[in-house]
Amino acid sequence: NLFLGPVVLIAVMQLNISDATALIALTFLACGLATVIQAGLFLKYPVIQGMSFASLGAIIAIASKQGFAVCFGSIIISGLVIVALGYLKVLSKVVKHIIPPIVAGMVIVVVGVSLMFTSWNSLITAPGDQNINFIEGGFTAVILIIMIFIGKHPSKVGKFFRSGCVIYAMILGTVFSAFFGNVNLATVGTSPWVGIPDIFHFGLPKFDFGVVLVMVFILFIVFVEAMGTWFTVSVISGEPLEDKRLDQGVVGEGIGSMIGAVLCGVPVTSYGTNSGVIAVTKNLSKWTAVGAGVICVVLAFLPKIMNIIACVPAAVIWGVFLIMTALIAQSGLMSVAHHFQDERNGLYMGLVIMITVGSSLLPAAVVGQMPTLLSYLFGSSITIGSLAAIVLHIILPKSRAAAKS
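Residue numbering for the sequence shown is 1 to 405, as defined by the UniProt record's numbering.
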């Protein structure tokens, strides 16, 4: 799934093939390096680092207004802040008090719900014939759903579909789109097999204080998302997530985000799918993740492969991503399902979803008229929804049952 983040960003920003290829290559390089550092040196869990979906809304809002270079600078500074918090052992002391399991679960729900709106809006506004786009996106989405259900079967066939259903759906969706003339492979034939990624392809970092403030909070949300993955991996592996390891993971997360910023402009985080893969394969070695990171670095130096990925039609991307957003929301809802029995918690979860939906529907003209800092905050419904999840859990009166959540 490493390529899904950049191709979503490519589709939203409508990047040309040259920019798209550069972004994909730099993302693979950043994710590979971050994985080697996090799995091998800091967290020491078998986790793969990838582009954070939680940061996409803010990245898109900032890049649309001020360009990718401002994203680079703000994430670099924000990453330094996260590294400092980990080094000073701040987050391990406070995070368990302000981010209990119900809040962490609701942040995942917020990410899924918010990205649903991004996916639908992007599919509607994708370049080309809207009717054809819906056919291509719908076909790809249906294929992915079928493969997901086949993948649930406990057999070799099920394992085959389970391990690569996203890739298979995108391949079939791209082949289907080719019948409508929406696939252009011209750059694949002319691109070399081996080449050096174009570092700073989008320009040198620029810094904006207001954007840095927004991005510090975004990285905190990314960390909350990652922490949920760490706790799950801890349970599956039997290796406790002690405060020391948590702080080391925070430092690794910050360094990974800085690498992502320098190379491709977005923070990277521990993918939630790590826990599912570990549960299926029972492979608990951190060296497996380190090896995967090395492979990602090698792939970044293969331009022809990057060009093939860049040629996937936008409608196909959004068809896949729509289903992925549902799976993200499902993951969050399953983690908080047992809290629904308490009336206070039920109201809390409903309010968080309502605020997320409301901020997703805010007209761009309204957001654009806000002061700069607020416009970046409200430009990302993930940020607003996550902030609501944290604040509402603190201020809403707690029943005895909710106090244990």
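Heads up, the beta-carbon is just placed ideally off N, CA and C, and yes, glycines get one too.
None of the values given here were measured: they were computed from a predicted structure.
Residue i versus residue j - alpha carbon distance
{"i": "S234", "j": "A337", "result": "21 angstroms"}
{"i": "V280", "j": "V166", "result": "A caution first: V280 carries a pLDDT of 49, below 50, which makes its placement in the model unreliable, though a value can still be read off. Their Cα atoms are separated by approximately 17 angstroms."}
{"i": "L33", "j": "L377", "result": "29 angstroms"}
{"i": "K152", "j": "G164", "result": "13 angstroms"}
{"i": "I328", "j": "G181", "result": "32 angstroms"}
{"i": "M106", "j": "M349", "result": "7 angstroms"}
{"i": "S285", "j": "Y45", "result": "8 angstroms"}
{"i": "I76", "j": "F179", "result": "43 angstroms"}
{"i": "L144", "j": "G173", "result": "9 angstroms"}
{"i": "A169", "j": "I148", "result": "10 angstroms"}
{"i": "V214", "j": "P154", "result": "44 angstroms"}
{"i": "G252", "j": "F209", "result": "24 angstroms"}
{"i": "L362", "j": "T356", "result": "10 angstroms"}
{"i": "A300", "j": "C31", "result": "10 angstroms"}
{"i": "F217", "j": "T383", "result": "8 angstroms"}
{"i": "Q38", "j": "V47", "result": "8 angstroms"}
{"i": "S78", "j": "K244", "result": "22 angstroms"}
{"i": "G249", "j": "I221", "result": "15 angstroms"}
{"i": "L88", "j": "M324", "result": "36 angstroms"}
{"i": "G86", "j": "V94", "result": "12 angstroms"}
Per-residue burial, residue i [other beta carbons within 10 Å of its own, 16 or more giving buried]
{"i": "L387", "result": "buried"}
{"i": "M334", "result": "exposed"}
{"i": "M354", "result": "exposed"}
{"i": "residue 406", "result": "This structure gives no information on residue 406, because the portion of the chain shown stretches from 1 to 405."}
{"i": "W287", "result": "exposed"}
{"i": "F340", "result": "exposed"}
{"i": "S114", "result": "buried"}
{"i": "A84", "result": "exposed"}
{"i": "D342", "result": "buried"}
{"i": "P303", "result": "buried"}
{"i": "G319", "result": "buried"}
{"i": "H97", "result": "exposed"}
{"i": "I10", "result": "buried"}
{"i": "L185", "result": "exposed"}
{"i": "E136", "result": "buried"}
{"i": "L322", "result": "buried"}
{"i": "L263", "result": "buried"}
{"i": "P127", "result": "exposed"}
{"i": "V175", "result": "exposed"}
For residue i: DSSP bridge partner residues
{"i": "G50", "result": "T269"}
Supposed close pair residue i, residue j - CB separation, criterion 8 angstroms
{"i": "A69", "j": "F202", "result": "6 angstroms"}
{"i": "S359", "j": "A61", "result": "Between A61 and S359 the Cβ distance is about 12 angstroms, and since that is not below 8 angstroms, they are no contact."}
{"i": "S119", "j": "T269", "result": "About 20 angstroms; that fails the 8 angstroms criterion."}
{"i": "S177", "j": "P313", "result": "4 angstroms"}
{"i": "T21", "j": "A310", "result": "5 angstroms"}
{"i": "L396", "j": "V352", "result": "Their Cβ separation, rounded to whole angstroms, is 10 angstroms, which puts L396 and V352 out of contact at 8 angstroms."}
First and last residue of the uninterrupted alpha helix (DSSP H) at residue i
{"i": "I309", "result": "P303 to A310"}
{"i": "A63", "result": "L56 to Q66"}
{"i": "E239", "result": "Per DSSP, E239 belongs to no alpha helix (DSSP H) and is neither H nor E."}
{"i": "N121", "result": "P101 to T125"}
{"i": "W318", "result": "A314 to V336"}
{"i": "S257", "result": "D243 to L263"}
{"i": "V366", "result": "A364 to G368"}
{"i": "N345", "result": "E343 to S360"}
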